[in-house]
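What follows is a short report on a single structure.
Residue numbers (this note's numbering): 30 to 193.
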């Protein structure tokens with residue numbers, strides 16, 4: 030195959046990419062597409078740039094199943110920071126409020142976390158990979174632009190609290 034073909038080559042399959050933090054899902058997708066010189070590629074749902082984890086990338090004919098994978102349930106492993114609120118609601122933001130948490134018992138924290146299990150409405154944070162008119166919200170937020178974000182239905186099937 031010639032690498033001079035600007036349209037790429039026909040290659041079909043799914044690559045399970047272990048995306049590192051700091052890289053957008055689209056940047057990861059473009060790297061894989063160039064690496065395989067693929068004509069067609071797509072991912073199965075964006076991970077925020079701060080998130081690391083498995084990002085399934087579909088190549089060629091496999092892009093036809095990407096929508097099914099996008100709509101399927103996903104599993105996340107989360108590490109949080111108790112007692113701090115940042116201006117971006119993530120680990121990169123400036124701490125704008127601190128409060129003590131050492132007095133909380135494991136049981137109290139577990140009970141608070143359990144309230145998120147089930148069908149909930151979630152207002153997406155501005156610092157997220159969700160898009161508005163094709164632009165990721167985190168890019169708008171970095172420009173100082175805040176838009177109205179309606180609450181979206183989210184189902185959390187299970188939370189395993191491991192402690193702090």
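Glycine included, every Cβ here is placed at the ideal spot set by N, Cα and C.
Checklist entry - If you drop the 5 nearest sequence neighbours on each side, which residues of the same chain put their C-beta closer than 7 Å to that of residue 152? => result 178, 180
Item to check | Cα-Cα separation between residue 93 and residue 43, rounded to whole angstroms | outcome: 11 Å
Checklist entry - Can you tell me where the alpha helix (DSSP H) with residue 63 in it begins and where it stops? => result 54–65
Item to check | Distance between residue 142 and residue 41 (C-alpha atoms, nearest Å) | outcome: 41 Å
Item to check | Secondary structure, alpha helix (DSSP H): runs of 4+ residues fully inside the stretch 110–189 | outcome: 135–143, 166–171
Next on the checklist: Here's the rule: buried if 16 or more other CB atoms are within 10 angstroms of the residue's CB, otherwise exposed. What is residue 167?
Outcome noted: buried
Next on the checklist: Please state the DSSP three-state secondary structure of residue 30.
Outcome noted: Low per-residue confidence applies at residue 30: pLDDT is 48, beneath 50, and the placement is therefore not dependable, though the value from the model is reported in the following sentence. Reduced to three states, the DSSP call for residue 30 is coil.
Checklist entry - Got a sec? Which residues, its chain only, sit under 6 Å from residue 185 by beta carbon, not counting five neighbours each side? => result Taking residue 185 as the centre and dropping the five residues before and after it, the same chain places the C-beta of 145, 146 closer than 6 Å to its C-beta, in chain order.
Item to check | Assigned secondary structure, residue 107 (DSSP; H/G/I helix, E/B strand, else coil) | outcome: In the structure shown, the three-state DSSP call for residue 107 is coil.
Checklist entry - So, are the CB atoms of residue 48 and residue 76 less than 7 Å apart? => result Contact flag set, yes.
Checklist entry - Hey, out of 187, 65, 125, 57, whose CA is closest to residue 148's CA? => result Ranking the options by Cα distance to residue 148, first place goes to 187.
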